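Sequential numbering of the sequence shown, starting at 366, is according to the numbering used here.
Each residue gets a CB set at the ideal place from its N, CA and C atoms; glycine is no exception.
Small disclaimer: the values here were computed from a predicted structure and weren't measured.
Take a look at the structure set out below.
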Amino acid sequence: MLPLNDILHRTGLAASLAVLLGFAAGCKQEFIGPEQPKAPESVYMSAAVSIRGVAGTINTSADFEDRVKTVRLIICDTPSGAVLYNQMHNVGDFTNQPEGQTTVWSKPFKITEGQRDFFFIANEQDWNLTVPLTGITNRAQLFANNALTHITFPAGYRPSENKPLLMTRAYRNVAIVAVRNGKGASAADPQHFVADGDEQVELIRTLAKVKLKLEGVVNVEEVGGALKATDIKFKRVIPFKGISLVNVPKYFSLFVNPYFDGPGYPTTGQFSTDFYSASDLAETVNFSKAQMLANSEAHYLALSEQPGQPTTLYDYVTSYYLPENLRRVNGSDPALPGFVPGASSFYITDGGGNDYYKFSIWQSAFTEDQKEVDNGVFFTLPNAANYSKFSTVRNNAYEITAKEGFQLTLNYNIEDWCTGKIGRVYAGFNFNVVVDEPTFPGGASTVRIITAEKGLVQLGLVELVPRVNNAKFIVGSDQLDKLRFGNQAGQSAFQEQTEAKLQLPTEPAAAGTPIFDIKYNNKVVYTVKSE
């Protein structure tokens, strides 16, 4: 059986769908007089929805990046665009369907055979889209209705239980026939919908994500008996006021992206300026230092002030979410990342309101680390050469690391959001512990111990010790009771690391389950719990 937690969200993604179609022969028709054209056969369809999130779970992500509550399916006649089926389903309606092309799936509904377009929309209710979506009678409205193309983006939005991410997917010009693979003779044995050849409907998030790491800027103190990040300090930004995200689009859409092949898209590409005004693409969202500290995604294990040691400032890690900004290629754009006016960008601001550092969102290529969404096909922009690399694209997860030296040094990376990780950083004295998937989907996650300071004579012994019986750290063919690092030669240079897969006997039963202790020089400094 396919449980709700078991289908990979491989596009984008953040959740995936598997959809089944069923067919049954229509009633015989008798005609008096001249023979009439044959009416289309009735097609019984049955949908099976199983979602597995980025971190391998559904509805348990602390960021709710992959939570799916409802799924609307709209089916249109391809030649005319007329809507043949339009209904919102609770995600629970489509769970626990058996695997395999010969299996029987349940909950059938009926359309007619022919060339059809399928549109999927997840989580509409929390964005107040039910009324406009219910009123759709033709495919063109999905690309023209202002309520669906100009969805207001809440400034500073972060996915939550009450407002998870909107996700969509479209499958165009699908041939629906009466019987396929011997299925469709009755509603009791519906046909399987082949979504790009693999029966997997893979949702694409409508927003982009930027994971920002600022190295060596966080001061940690003890507050109320716990270690807390209390300040963010730069060497040259004095005093540090906060960070601004500029040129943020005011709106986003369900399907206004060339990938979805909407009506009227020119062959040369489609840009945000074709749908939105310059002012619509130029919002500024300010985050004060206090807001940044509240949104920190790192956990701190040691004080900045250690007896007999210089002050240690730890890494700041957080995520931002924003609409896509598809920009036309410009010959004046730099070949390497930096700052470009008009692109979605970060400003690091001092107390006088001066923007001391500026850097824009960037990708080396629009296919960078993208994963298949069907056989050999990727979620990427058609005619990608027409777009600036300083565009922001939906369903991309951008990673930007900034380090202040004589200037601000930037490192850029894109990971495919659909197979990426939430990731948690546990910042200790001269080391970080990284847990790639803190929900421990299927009872497993990659974990790493990484040195975080330059010029160390010796890191000291860092140990990860399981709190779960029979848990093992897997390194190659070895299964270890503990993961140890830092007290051997060659383990103290900057960014040296060790990596292992922590395998638990089972997936944690609930969030907050103690998973392993972090020990530094034989002292427990933190207990990592599942999320």
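Residue j beta carbon less than 8 Å from that of residue i
| i | j | result |
| --- | --- | --- |
| F356 | I516 | Nothing about residue 356 can be read from this structure; the chain reaches only from 366 to 896. |
| V613 | E662 | no |
| Y891 | V827 | no |
| A552 | Y409 | yes |
| L531 | I597 | no |
| L763 | V893 | One detail in the question is off: residue 763 reads as Tyr in this sequence, not Leu. Not in contact: Y763 and V893 (Cβ atoms no closer than 8 Å). |
| D639 | K615 | no |
| F755 | V830 | no |
| L619 | L687 | no |
| S493 | P529 | For the sequence presented, residue 493 should be read as Asn rather than Ser. No. |
| I713 | V798 | no |
| A573 | E689 | yes |
Three-way DSSP call (helix, strand, coil) for residue i in this model
| i | result |
| --- | --- |
| N511 | helix |
| F625 | helix |
| Q671 | coil |
| S697 | coil |
| D491 | helix |
| Q556 | strand |
| G521 | coil |
| L619 | coil |
| P688 | strand |
| K528 | coil |
| D801 | coil |
| K768 | strand |
| A505 | helix |
| K888 | strand |
| P497 | helix |
| Q635 | coil |
| S710 | strand |
| K578 | strand |
| Q656 | helix |
| S609 | strand |
| P747 | coil |
| P702 | coil |
| P604 | coil |
| G793 | strand |
| S644 | helix |
| P614 | coil |
| G716 | coil |
Whole-number beta carbon distance between residue j and residue i, since they are thought to touch under 8 Å
| i | j | result |
| --- | --- | --- |
| R692 | A708 | 6 Å |
| Y752 | V575 | The Cβ separation is near 18 Å, so there is no contact. |
| E315 | T766 | Absent from the model: residue 315. The displayed extent of the chain is 366 to 896, so no value can be given. |
| E526 | F429 | 6 Å |
| T816 | Q853 | Their Cβ separation, rounded to whole angstroms, is 12 Å, which puts T816 and Q853 out of contact at 8 Å. |
Near the ligand ATP: residue i beta-carbon under 7 Å from a heavy atom
| i | result |
| --- | --- |
| K576 | Absence of the ligand ATP is noted for the structure shown, with no ligands found whatsoever. |
Neighbour flag for residue i against chain C, beta carbons, 8 Å
| i | result |
| --- | --- |
| G788 | In the displayed structure, chain C is absent; only one protein chain is listed. |
Mind listing, in chain order, the continuous beta strand (DSSP E) runs of no fewer than 3 residues lying wholly within the stretch 825–885?
827–831, 837–840, 843–845, 848–850, 862–868 and 879–885
Quick check: the stretch 747–762 against the stretch 847–854, are there 3 or more CB pairs under 8 Å?
no
To test your reading of the DSSP string, which unbroken alpha helix (DSSP H) runs of 4 or more residues are found completely within the stretch 425–471?
none
Contact between the stretch 643–658 and the stretch 529–546: three or more CB pairs below 8 Å?
no
Does the count of Cβ pairs from the stretch 582–599 and the stretch 793–812 closer than 8 Å reach three?
no
Tell me, please, whether the stretch 858–871 touches the stretch 801–808 by the rule of three or more beta-carbon pairs shorter than 8 Å.
yes
Give a yes or no on contact between the stretch 526–540 and the stretch 478–497, applying the rule of three or more CB pairs nearer than 8 Å.
yes
Say whether the stretch 581–594 touches the stretch 664–679, bearing in mind that this needs 3 or more beta-carbon pairs closer than 8 Å, one atom from each stretch.
yes
Count the C-beta pairs between the stretch 483–493 and the stretch 435–448 that are closer than 8 Å, then say yes if the count reaches three, no if not.
yes
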